[in-house]
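Reading through the structure tokens given below for one structure.
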């Protein structure tokens, strides 16, 4: 990719018969130079999603053929509905069940304030990413991957340095966490079906056999060719996430509050411990919102034209999906804390609390349904979080071979990633205990980098938009500071409570 074609491939322009001598020479030189510049511009746009001018249908046509070979941008026939499916499947996760734990430390007032501020902040950064996907409408440059936008904003070296680790963790790392949690929940589901009882503390992580079984199912489903083709899986993931998030707070309310529930904020003897507990609670709230590393990729599946750029369709999908996400997350936090108060355990959140405190008077069907919904949701979410990994592997292949991946190469890449994810899940089954630490390191990707990228690309200070410059600079700096504080708090938490590092021994 990116090589200049032969001289014979340059466009030929017929000249008038009267053109001779110096005029002919100058014309030939100008045509050749112009053609070479055009071809070099198209060649250097590799992986940036550069498009030619609009065709007769009004949609922008691709200049870089590599975009049509890769899973994320192979199909651009998505719409607002499919974007809603993808956003919901990637935006609602098991982390939301920890929101009542954060409320038990922060209390009612500060809990609701922090949750509302975090929701507004991350929604604003999504708006920024949606706007930057096509930074200059009409020209046709589309940044359909987070790393591409970071490189465009910060330069090749700094962009890769800042974005590679967060993007890798939030895609591949999330897949590993989904395998660990999904396999553990699948084991609890089968224990309940065949033995009649199971609790979270019986087996917080799954054994190697359950991890292997879950991984095989996930990779078997991951054979769809591109991001648009997994819209059905995203629909299932969205429905199951909404279902278990609703059941997990509706069932406890129907059973009533346990006796002795208190809503007083938990206090530690040490002032330092109290401060870090507050920071950890804020981290739980902030990390409950996920999926920013997939926003540009999801928008990359939408068509775009000069009359209707993709940002219009995408923002409509974001608005609808985040209304639903707010309807799911706020009741979990408020109803969960109202039901369990300070009795809610820090490990597992609402799911553990429900099984411990209300499991004895809840039917096996209801408990099994919650477990089953979690398993299905983990399988469905795996598909969209794995897609950037597949896209990167195929990008390397197409760069080397200068051709589209065949079906057997594509299958081989998916099997390779499945094997690697299985190995990491078995070798490091304690990764969920490090989620707060690694999530704090990756937090700037959600709250800070989009603001800095807006300043770098849009340059609002040069266009008289001082308010936008101040807003993005302030939010970006605050996001970086918050990331550092959350990392320090996570390290403090690990140092005081310890880490059960059971290498190669999934329980």
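Residue numbers (the UniProt record's numbering): 1 to 507.
For every residue, glycine included, the Cβ atom is placed at its ideal position computed from N, Cα and C.
The structure displayed is predicted, hence computed values, not measured ones.
Considering only C-alpha positions, which residue in the set the options is nearest to residue i?
i, options, result
"residue 259", "438, 478, 342, 65", "342"
"residue 245", "340, 408, 275, 99", "99"
"residue 393", "412, 379, 382", "412"
"residue 284", "192, 483, 249, 226", "483"
"residue 367", "164, 248, 312, 127", "248"
"residue 215", "414, 432, 476", "414"
"residue 133", "458, 407, 299, 422", "299"
"residue 317", "306, 295, 107", "295"
"residue 110", "389, 333, 388", "333"
"residue 301", "325, 356, 226, 335", "226"
"residue 73", "382, 469, 390", "390"
"residue 85", "388, 419, 380, 437", "380"
"residue 107", "262, 220, 166", "262"
"residue 234", "164, 437, 83, 278", "83"
"residue 79", "228, 160, 466", "228"
"residue 193", "250, 222, 371", "371"
"residue 330", "212, 112, 120, 105", "112"
"residue 254", "221, 359, 160, 276", "359"
"residue 335", "250, 356, 272, 323", "250"
"residue 479", "326, 121, 221", "121"
"residue 508", "160, 105, 116", "This structure does not reach residue 508, given that the chain is present from 1 up to 507, and the question cannot be answered."
"residue 286", "435, 153, 256, 355", "435"
Could you tell me the distance, in whole angstroms, from the CA atom of residue i to the CA atom of residue j?
i, j, result
"residue 493", "residue 282", "14 Å"
"residue 385", "residue 328", "21 Å"
"residue 441", "residue 162", "11 Å"
"residue 416", "residue 504", "19 Å"
"residue 169", "residue 297", "16 Å"
"residue 155", "residue 456", "10 Å"
"residue 491", "residue 288", "19 Å"
"residue 382", "residue 96", "17 Å"
"residue 230", "residue 224", "7 Å"
"residue 446", "residue 143", "17 Å"
"residue 158", "residue 151", "7 Å"
"residue 475", "residue 468", "10 Å"
"residue 515", "residue 66", "Lying outside 1 to 507, the shown extent of the chain, residue 515 is not represented and no answer is given."
"residue 165", "residue 171", "10 Å"
"residue 410", "residue 388", "13 Å"
"residue 458", "residue 481", "23 Å"
"residue 310", "residue 114", "32 Å"
"residue 529", "residue 146", "The requested residue 529 is not part of the displayed model; the chain covers only 1 to 507."
"residue 500", "residue 425", "15 Å"
"residue 439", "residue 395", "26 Å"
"residue 586", "residue 219", "There is simply no residue 586 to check, as the chain begins at 1 and stops at 507 in what is shown."
"residue 427", "residue 211", "11 Å"
"residue 71", "residue 264", "50 Å"
"residue 315", "residue 477", "25 Å"
"residue 407", "residue 350", "42 Å"
"residue 362", "residue 195", "16 Å"
"residue 232", "residue 221", "11 Å"
"residue 280", "residue 308", "43 Å"
"residue 495", "residue 252", "34 Å"
"residue 322", "residue 420", "33 Å"
"residue 339", "residue 256", "7 Å"
"residue 443", "residue 293", "11 Å"
"residue 502", "residue 173", "18 Å"
Please go through the same chain and pick out, in chain order, the residues whose beta-carbon is closer than 7 Å to the beta-carbon of residue i, but skip the five residues on each side of it.
i, result
"residue 41", "With a pLDDT of only 41 at residue 41, under 50, the local geometry of the prediction cannot be trusted, and the value read off the model is given with reservation. Here the set comprises nothing."
"residue 375", "182, 185, 186, 189"
"residue 377", "237, 240, 241, 244"
"residue 450", "125, 128, 129"
"residue 454", "128, 132, 472"
If you drop the 5 nearest sequence neighbours on each side, which residues of the same chain put their C-beta closer than 6 Å to that of residue i?
i, result
"residue 69", "398, 404"
"residue 337", "100, 103"
"residue 516", "The question about residue 516 has no answer, for the chain in this structure spans 1 to 507."
"residue 207", "506"
"residue 373", "240, 243, 244"
"residue 461", "469"
In chain order, what residues of the same chain lie with their CB nearer than 8 Å to the CB of residue i, ignoring the 5 residues before and after it?
i, result
"residue 497", "none"
"residue 217", "379"
"residue 466", "460"
Should residue i be listed as close to the ligand SAM, given that the test is whether its C-beta is under 7 Å from any heavy atom?
i, result
"residue 501", "In the structure shown, the ligand SAM is absent, as is every other ligand, since no ligand is present at all."
>> Under 8 Å, with one C-beta from each stretch per pair, do the stretch 479-497 and the stretch 182-191 reach the 3-pair mark?
In response: no
>> So, does the stretch 83-91 touch the stretch 235-249, judging by three or more C-beta pairs under 8 Å?
In response: yes
> Taking one C-beta from the stretch 358-367 and one from the stretch 108-126 each time, how about it: are there three or more such pairs within less than 8 Å?
Replying inline: no
>> Counting beta carbon pairs with one atom in the stretch 425-433 and one in the stretch 170-177, are three or more of them shorter than 8 Å?
In response: The way I'd put it, the stretch 170-177 does touch the stretch 425-433; three or more beta-carbon pairs between them come closer than 8 Å.
> Curious, which full-length alpha helix (DSSP H) runs of at least 4 residues does the stretch 331-375 contain?
Replying inline: If we require 4 residues or more, the alpha helix (DSSP H) runs fully inside the stretch 331-375 come out as 350-357.
>> As an exercise, report each continuous beta strand (DSSP E) stretch of at least 3 residues that is fully enclosed by the stretch 115-183, in chain order.
In response: none
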